[in-house]
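Engineer:
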Amino acid sequence: MKNIMIVFGTRPEAIKMCPLIKELKGRKNVRISVCVTGQHRKMLDQVLKAFEVIPDYDLSIMQEKQTLFEITTNILNKMKAILEQEHPDLVLVHGDTTTTFTAALACFYLQIPIGHVEAGLRTYDINAPYPEEYNRQAVSIVASYHFAPTERAKQNLIREGKAAEKIYVTGNTGIDALKTTIREDYNHEELSWASGSKMILLTAHRRENIGEPMQQIFRAIKRIIEENPEVKVIYPIHLNPLVRQIARSVFGDEERIHLIEPLEVLDFHNILARAYLVLTDSGGIQEEAPSLGKPVLVLRDTTERPEGIAAGTLCLVGTKEENIYRSIRKLLNDEDTYEEMCKASNPYGDGFASKRIADILLGDE
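At position 360 of the sequence shown the residue is numbered 360 (the UniProt record's numbering), and the sequence of numbers has no breaks.
(1) Just checking my contact of L266 with T203 at CB under 8 Å: how many whole Å lie between their CB atoms?
(2) Quick check: H40 and T67, are their CB atoms within less than 8 Å of each other?
(3) Rounded to the nearest angstrom, how far is the Cβ of A220 from that of Y325, given a contact under 8 Å?
(4) Going by other Cβ atoms of all chains shown within 10 Å of its Cβ, with 16 needed for buried, is N135 buried or exposed?
(5) For T170, report the span of its beta strand (DSSP E) as first-last.
(6) In terms of residue numbering, what span does the beta strand (DSSP E) encompassing M5 cover?
(7) Please state whether DSSP places F147 in a helix, a strand or coil.
(8) Need the endpoints of the alpha helix (DSSP H) that S327 sits in, please.
(9) Please classify K65: does DSSP put it in a helix, a strand, or coil?
(10) Counting along the chain, where does the alpha helix (DSSP H) carrying I246 start and finish?
(11) To the nearest angstrom, report how far apart A14 and Q63 are at their CA atoms.
(12) What did DSSP end up calling P236 once you bin it into helix, strand or coil?
(13) Would you mind sorting T97 into buried or exposed? The rule is 16 or more other CB atoms within 10 Å of its CB.
(14) Thinking C-alpha only, which one of V36, Q216, A148 is nearest V250?
(15) Leaving out five residues on either side along the sequence, give the residues of the same chain with a beta carbon under 8 Å from the beta carbon of L48.
(16) Use the C-beta contact count for T319: other C-beta atoms within 10 angstroms, 16 or more gives buried, fewer gives exposed.
(17) Does the distance between the C-beta of A138 and the nearest non-hydrogen atom of the ligand GTP fall short of 7 Å?
(18) Looking at L121 and I357, is the spacing between their C-beta atoms short of 8 Å?
(19) By the DSSP assignment, the beta strand (DSSP E) with S33 in it spans what residues?
(20) Note down, in chain order, each residue of its chain lying with its Cβ closer than 8 Å to the Cβ of A311, except the 5 sequence neighbours on either side.
(21) Is it true that the stretch 181–198 meets the stretch 263–278, where meeting means three or more beta-carbon pairs spaced less than 8 Å apart?
(22) With a threshold of 7 Å on Cβ separation, who are the neighbours of N323 within its own chain once the five nearest residues in sequence on each side are excluded?
(23) Within its chain, find whatever has a CB closer than 8 Å to the CB of Y124; leave out the 5 residues flanking it on each side and keep chain order.
(24) Go through the stretch 172–241 residue by residue and report every complete run of the beta strand (DSSP E) that reaches 3 residues or more, in order.
(25) Who pairs with G283 in a beta bridge, going by DSSP?
(26) Please report the residue range of the beta strand (DSSP E) in which I91 lies.
(27) So what does DSSP say about Y57, is it helix, strand or coil?
(28) Taking the alpha-carbon positions, what's the I126 to D185 distance?
(29) Are P23 and S354 closer than 8 Å when you measure CB to CB?
Printed below as a string of structure tokens:
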């Protein structure tokens, strides 16, 4: 019987790994253990509850105002005993978080094989996104299995010298999650508030955007609100106190911008499905929104998901106020451009990535 451990620690990782956990637990001749680090706490727990996943191990590392140093050392120190106790044949990690990097490092020290889900995404700018680009590249160096969501991600890995026979194009497990969460009969008080408007869903939290870039993002949105009475904004605001401070200082008491607490995954996906357009500096939303036919303006200067740009589902608008303002305004006023983005084909998969990964790992491909 194969012994596989799955390690993750943040909300985005959980959304993308829970469908894979469910798939693997439904298979024969495999033992699955789940270890969460608690890099995010409240937001992680919300996703675990939604997918009914109970971890076997919880490192519970989260501290107030935690630094990358503290996250890394705390995970590394606690992972050793768990890995030695479990003796897994393989550890699966996801994407580009500090949990991902540190868990992979711990496995490398103990010579445990690593499977990297959502492998091969690149900006090739080591500081954007920070520290995620470094984390993702570092995990690729030590991984034994590379589960690439797209052909482009596979080609990135091949150019870097990774063995082609260890790279598998599977699609993105985040698309699998939408099959579980989207509901036709969904209702929410925020949707009632936004009814009849062109509702913009905003997420903004990246480390490199905190400060002047985030102020410029928020100023552009405020200008749009002031000039377009038919527009409302829902912003599930990140728990980072610096993000909250900037948002409140720029938006003030603007009635048509709702700053709300982070949403559970089912709520977020269903509000996303009903948005007019999406503004985000997140990664996963760049994949989820196109699957739901929603145009996405990416509030970053680079993206490790260029497939969406090429397909026309995403537009990279950076963090300069004027450029963001003009880009939103165009989508609000130019119906042809808006419809073109809505109808662009989603390059991130068909909702069966978890099945493909399970087949590969268990020899049923």
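We treat Cβ as the ideally placed atom computed from N, Cα and C, and that holds for glycine. Treat the numbers as computed from the prediction; the structure is a model and nothing was measured.
Structural biologist: In short:
(1) Your numbering for residue 266 matches position 266 in the sequence shown. Your numbering for residue 203 matches position 203 in the sequence shown. With a Cβ gap of about 16 Å, L266 and T203 do not count as contacting.
(2) Taking the first residue of the sequence shown as position 1, residue 40 is located at position 40. Taking the first residue of the sequence shown as position 1, residue 67 is located at position 67. Not a contact, by the Cβ cut-off of 8 Å.
(3) Within the sequence shown, residue 220 is the residue found at index 220, counting from 1. Within the sequence shown, residue 325 is the residue found at index 325, counting from 1. Taking C-beta atoms under 8 Å as the contact rule, A220 and Y325 qualify, at a distance of about 4 Å.
(4) Counted from its first residue, the sequence shown places residue 135 at position 135. Buried, because 16 or more other Cβ atoms sit within 10 Å of the Cβ of N135.
(5) Position 170 of the sequence shown, counted from the first residue, corresponds to residue 170. First-last for T170: undefined, no H or E at that position.
(6) Residue numbering aside, residue 5 sits at position 5 when the sequence shown is read from its first letter. Residues 2–8.
(7) Position 147 of the sequence shown holds residue 147. If DSSP states are grouped into helix, strand and coil, F147 belongs with the strands.
(8) Counted from its first residue, the sequence shown places residue 327 at position 327. 321–333 is the extent of the alpha helix (DSSP H) around S327.
(9) One-based indexing of the sequence shown puts residue 65 at position 65. K65 falls in the coil class under three-state DSSP.
(10) Taking the sequence shown and counting its residues from 1, the one referred to as residue 246 is at position 246. That run of the alpha helix (DSSP H) goes 241–251.
(11) Against the sequence shown, residue 14 aligns to sequence position 14. Against the sequence shown, residue 63 aligns to sequence position 63. In a straight line, the C-alpha of A14 is about 19 Å away from that of Q63.
(12) The residue given as residue 236 occupies position 236 in the sequence shown. DSSP places P236 in strand when its eight states are reduced to three.
(13) Within the sequence shown, numbered from 1, the residue matching residue 97 stands at position 97. With 16 or more Cβ atoms within 10 Å of its Cβ, T97 is classed as buried.
(14) Taking the first residue of the sequence shown as 1, we reach residue 250 at position 250. Among V36, Q216, A148, the Cα nearest to that of V250 belongs to Q216.
(15) Taking the sequence shown and counting its residues from 1, the one referred to as residue 48 is at position 48. For L48, where only same-chain residues beyond five positions count, the Cβ hits under 8 Å are A14, C18, V36, I54, P55.
(16) Numbered from its first residue, the sequence shown carries residue 319 at position 319. Buried, by the Cβ-count rule.
(17) The ligand content of the structure shown is nil, which means the ligand GTP is not present either.
(18) For the purposes of this step, residue 357 is identified with residue 357 of the sequence shown, where counting begins at 1. For the purposes of this step, residue 121 is identified with residue 121 of the sequence shown, where counting begins at 1. Taking 8 Å as the Cβ cut-off, I357 and L121 do not qualify as a contacting pair.
(19) Position 33 of the sequence shown, counting from 1, holds the residue named residue 33. 30–36 is the extent of the beta strand (DSSP E) around S33.
(20) Taking the sequence shown and counting its residues from 1, the one referred to as residue 311 is at position 311. Excluding positions up to five away in sequence, the list reads P290, A344, S345, N346, P347.
(21) In this structure the stretch 181–198 touches the stretch 263–278; the number of beta carbon pairs closer than 8 Å is three or more.
(22) Locating residue 323 in the sequence shown gives position 323, where the first residue counts as 1. Closer than 7 Å at the Cβ level, and outside the excluded window around N323, lie V317.
(23) To locate residue 124, count along the sequence shown from 1; it is residue 124. Hits under 8 Å: E133.
(24) Taken in chain order, the complete beta strand (DSSP E) segments of 3 or more residues contained in the stretch 172–241 are 198–203, 231–236.
(25) One-based indexing of the sequence shown puts residue 283 at position 283. Paired residues: none, contrary to the question.
(26) Along the sequence shown, one-based indexing puts residue 91 at 91. For the sequence presented, residue 91 should be read as Val rather than Ile. Per DSSP, V91 belongs to the beta strand (DSSP E) from 90–94.
(27) The count along the sequence shown starts at 1 and reaches residue 57 at position 57. Three-state DSSP puts Y57 in a strand.
(28) Counting from one through the sequence shown, the residue named residue 126 turns up at place 126. Counting from one through the sequence shown, the residue named residue 185 turns up at place 185. Cα to Cα, I126 sits roughly 43 Å from D185.
(29) The residue labelled residue 23 in the question sits at position 23 within the sequence shown. The residue labelled residue 354 in the question sits at position 354 within the sequence shown. The sequence given here places Glu at residue 23; Pro does not occur at that position. Yes, the pair counts as a contact, with Cβ atoms nearer than the cut-off.
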